[in-house]
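Participant: Numbered according to my numbering, the sequence shown terminates at residue 202, and the numbering increases by one at each position without gaps.
We treat Cβ as the ideally placed atom computed from N, Cα and C, and that holds for glycine.
Handing you a structure now.
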Amino acid sequence: MRPWTRLRAHIETARFEARADRQREAQRRREELLAADPTLRDPRRLAVHELQVFSQNGEDGVIREIFRRLGPGGRRFVEFGCGNGVENNTVFLLHQGWQGVWFDADRALVKQIRRSHRHLLSAGLLDIACTPVTAANVEELFARHDVPTEVDLVSIDIDSDDYWVWEALRHWRPRVVVIEYN
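Right under this line is the structure:
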């Protein structure tokens, strides 16, 4: 292994461990809040499960809780608008053994992901495509990337026609959808 590759792997591991530390601290604080306020213990409330490991607004914890309740299914996901691959809704799932496909139209970001997530790509846990996603092409993209018709999670954050892309999914029935509100 080349020195730069070892250094990069070490940095990646340190970042993941730092996030895990933040996750444990957030869990401790959440348990304190639950103990202090009985109204927060209502099992229907998902907000108490918010946890930000790789997500932008605590979606990691909410998604984890939803699948704890539903069961993990086939552990497959699709994310549109994956960004840099460090802050999105499915990278936490990847680190828990899920597999899926990311779509992003930004060539520079996709190139960066191909370098930084090389180990996940080569292990077959992650596929990535550099392409815009539209209502007109979403089903073709799902078919081309062998997305199961009952995929577990679809996350849509493409900063434009998010709703219309979701509505265009006629032949696929995701168990859970996370969609950005524009």
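Report the residue from PRO63, LEU90, SER136 whose alpha carbon sits nearest the alpha carbon of TRP24.
Facilitator: The candidate whose alpha carbon is nearest that of TRP24 is SER136.
Participant: If contacts are defined as beta-carbon pairs under 8 Å, then TRP186 and ILE178 qualify, I think. What distance do you get, rounded to the angstrom?
Facilitator: 10 Å between Cβ atoms; not a contact.
Participant: Looking only at its chain, what residues have a beta carbon closer than 7 Å to the beta carbon of GLY78, apart from the 5 residues adjacent to it on each side?
Facilitator: Once the five neighbours on either side are set aside, the close Cβ partners of GLY78 are GLU70, LEU71, GLN72.
Participant: Round the Cβ separation of VAL174 and VAL98 to the nearest angstrom and send it over; I've been treating them as touching at under 8 Å.
Facilitator: Yes, VAL174 and VAL98 are in contact; Cβ-Cβ is about 5 Å, under 8 Å.
Participant: For PHE100, which residues of its own chain have a beta-carbon under 6 Å away from its beta-carbon, when the five flanking residues on both sides are left out?
Facilitator: Correct list, in chain order: PHE123, VAL153, ILE176, ILE178.
Participant: Am I right that ALA125 and CYS150 are in contact with their C-beta atoms under 8 Å? What's the rounded C-beta distance?
Facilitator: Contact holds; Cβ gap of about 7 Å.
Participant: Could you say if the segment 49-62 and the segment 83-99 meet the contact criterion of at least three C-beta pairs nearer than 8 Å?
Facilitator: Too few Cβ pairs lie closer than 8 Å, so no.
Participant: Taking 8 Å as the threshold (C-beta atoms), are ILE148 and ARG164 in contact?
Facilitator: Cβ atoms of ARG164 and ILE148: not closer than 8 Å.
Participant: Assuming GLN119 and ARG96 make a contact with CB atoms under 8 Å, what is their CB distance in whole Å?
Facilitator: Yes, GLN119 and ARG96 are in contact; Cβ-Cβ is about 6 Å, under 8 Å.
Participant: Identify the continuous beta strand (DSSP E) that holds LEU145 and give its terminal residues.
Facilitator: Unbroken run through LEU145: none, as it is neither H nor E.
Participant: Out of ALA40, ARG39, PHE74, ASP181, which one is the CA nearest neighbour of THR110?
Facilitator: The option with the nearest alpha carbon to THR110 is PHE74.
Participant: Do you know how far the Cα of LEU114 is from the Cα of ARG39?
Facilitator: Their Cα atoms are separated by approximately 14 Å.
Participant: Please state if the CB of GLY93 and the CB of ARG195 are separated by a distance shorter than 8 Å.
Facilitator: Yes, they are a contact pair.
Participant: For a test of the three-state rule: what should DSSP assign to GLU99, helix, strand or coil?
Facilitator: Looking at GLU99 - three-state DSSP - the assignment turns out to be strand.
Participant: At the level of alpha carbons, what is the spacing between HIS30 and PHE36?
Facilitator: Roughly 10 Å between the two C-alpha positions.
Participant: Distance check for GLN132 and VAL234, CA to CA, integer angstroms please.
Facilitator: No answer is possible for residue 234: the residues shown for the chain start at 21 and end at 202.
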